[in-house]
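**Student:** According to our numbering, the sequence shown is numbered sequentially starting from 37. Heads up, the beta-carbon is just placed ideally off N, CA and C, and yes, glycines get one too.
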Amino acid sequence: MVKLADEDIKTREVLDWKGLHVFHFIFSSCSQKLRIFLALKGVDYESHEIDLMTNENLKDYFLGINPRGLLPAIVHDGDVHIESNDILTYLESVYPEPRLIPEGAEDKVAALLKHEDDLHLDLRALSFRFVFNPPHDPKSPEDLEIYATTGSGTVNGQKDERVGVEIDFWETYADRGITDDVAQAAAEKFRKVFSVLDATLADQDYLLTDGLSVLDIAWFIYANRLTLAGYPIARLHPNLGAWYARMEEMPEIAREISLPPPVKEKFDATRAQHVADGVNLEAVAGL
Ligand SMILES: N[C@@H](CCC(=O)N[C@@H](CS)C(=O)NCC(=O)O)C(=O)O
Numbered sequence: 037m038v039k040l041a042d043e044d045i046k047t048r049e050v051l052d053w054k055g056l057h058v059f060h061f062i063f064s065s066c067s068q069k070l071r072i073f074l075a076l077k078g079v080d081y082e083s084h085e086i087d088l089m090t091n092e093n094l095k096d097y098f099l100g101i102n103p104r105g106l107l108p109a110i111v112h113d114g115d116v117h118i119e120s121n122d123i124l125t126y127l128e129s130v131y132p133e134p135r136l137i138p139e140g141a142e143d144k145v146a147a148l149l150k151h152e153d154d155l156h157l158d159l160r161a162l163s164f165r166f167v168f169n170p171p172h173d174p175k176s177p178e179d180l181e182i183y184a185t186t187g188s189g190t191v192n193g194q195k196d197e198r199v200g201v202e203i204d205f206w207e208t209y210a211d212r213g214i215t216d217d218v219a220q221a222a223a224e225k226f227r228k229v230f231s232v233l234d235a236t237l238a239d240q241d242y243l244l245t246d247g248l249s250v251l252d253i254a255w256f257i258y259a260n261r262l263t264l265a266g267y268p269i270a271r272l273h274p275n276l277g278a279w280y281a282r283m284e285e286m287p288e289i290a291r292e293i294s295l296p297p298p299v300k301e302k303f304d305a306t307r308a309q310h311v312a313d314g315v316n317l318e319a320v321a322g323l
């Protein structure tokens, strides 16, 4: 679990905070995952919104809390936790009811959540190419210099390499955008994993036999973002499509993924334009 060490945290005021504080952003998929988890648990928290569109995550204040500059992050009774899946696992132990990581399935859940996390930059690539319009602004060399040099640069007291991965992503994005090759490779990874999930759902309602779990929440969020990108889930993976439709109706979920009407209209119009121009995800990735 990634609970930060004292020396990792430069924004010292948070060490005195009591209760649960959540740093998140409305359109951040990992933040949506955490908010749904908390809604299902019925846990209240103090909300701190960090605007990713204006790079608020690269301000001293936030990099002093999460040296990786990523959302979500939580402060719980003065401890800082980062990495969404580690946060969920930690919060499951603090708020055990209703259970979302079944007893005995901890290792399996951890492995499958890691698989999900490993695809995060692929999800980001498809979001940037097919969902956002105008495309997500690149981060400038100055922004990236701030990213590389602000905050402690450590996680658990060790020099952290994760910011370097982020900087590579943003440099490549500024240089080339999201190319067809990158989009195709990302879509192929999702096609593979969704086929496996689809087979699992052939004879059970949720991804684990014990009922709704963090795995459903995590993969639902990916499925939601990919739907916005124009990935044809129901056509390619009918069981997953039916599961998605059921999950989408749950009020705790619907609330956290609902888009402000102008944003929804924009996303819908972008998809329609991509189809008209023959540059939609299905066409580019040959799905
Ligand atoms: N492995 C991380 C990934 C977190 C991540 O990449 N979050 C995105 C939002 S979904 C972010 O903060 N992006 C920073 C940016 O866009 O500058 C986690 O699970 O928490």
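Short of 8 Å in beta carbon distance, which residues of its chain neighbour N91, apart from the five on each side in sequence? Order them along the chain.
**Tutor:** K175 and D179
**Student:** By DSSP's criteria, L76 is part of a beta bridge. Which residues make up the other side?
**Tutor:** In DSSP, L76 forms no bridge with anything.
**Student:** Nearest to T185 by CA position, among G314, V311 and L94, is which residue?
**Tutor:** L94
**Student:** Of the residues Q309, P134 and R282, which one's Cα is nearest the Cα of H246?
**Tutor:** Inspection of the sequence shows that residue 246 is occupied by Asp rather than by His. Looking at the Cα atoms, P134 is the closest of the given residues.
**Student:** What is the rounded straight-line gap between the Cα of A290 and the Cα of R71?
**Tutor:** For A290 and R71, the distance between alpha carbons rounds to 11 Å.
**Student:** For A265, which of helix, strand or coil comes out of DSSP?
**Tutor:** coil
**Student:** Which residues does DSSP list as the beta-bridge partners of Q194?
**Tutor:** Beta-bridge pairing links Q194 to V191.
**Student:** Out of M89, R104 and L317, which has the shortest C-alpha to C-alpha gap to K195?
**Tutor:** R104
**Student:** For R165 versus A265, is the C-beta distance shorter than 9 Å?
**Tutor:** Contact: yes.
**Student:** Comparing the CB of H156 with every heavy atom of ligand 1, is any distance shorter than 8 Å?
**Tutor:** Relative to the non-hydrogen atoms of ligand 1, the Cβ of H156 comes within a distance shorter than 8 Å of at least one.
**Student:** Using only CA atoms, which one of D115, A141, S67 and S83 lies nearest to P108?
**Tutor:** S67
**Student:** Where Y242 and W279 are concerned, what is the direct C-alpha to C-alpha distance, given to the nearest angstrom?
**Tutor:** 7 Å
**Student:** Under three-state DSSP, which class holds E181?
**Tutor:** Reduced to three states, the DSSP call for E181 is helix.
**Student:** Looking at Y81 and G55, is the spacing between their C-beta atoms short of 9 Å?
**Tutor:** yes
**Student:** Can you tell me which of A305, K150, N260 and A270 puts its alpha carbon nearest to the alpha carbon of I293?
**Tutor:** N260
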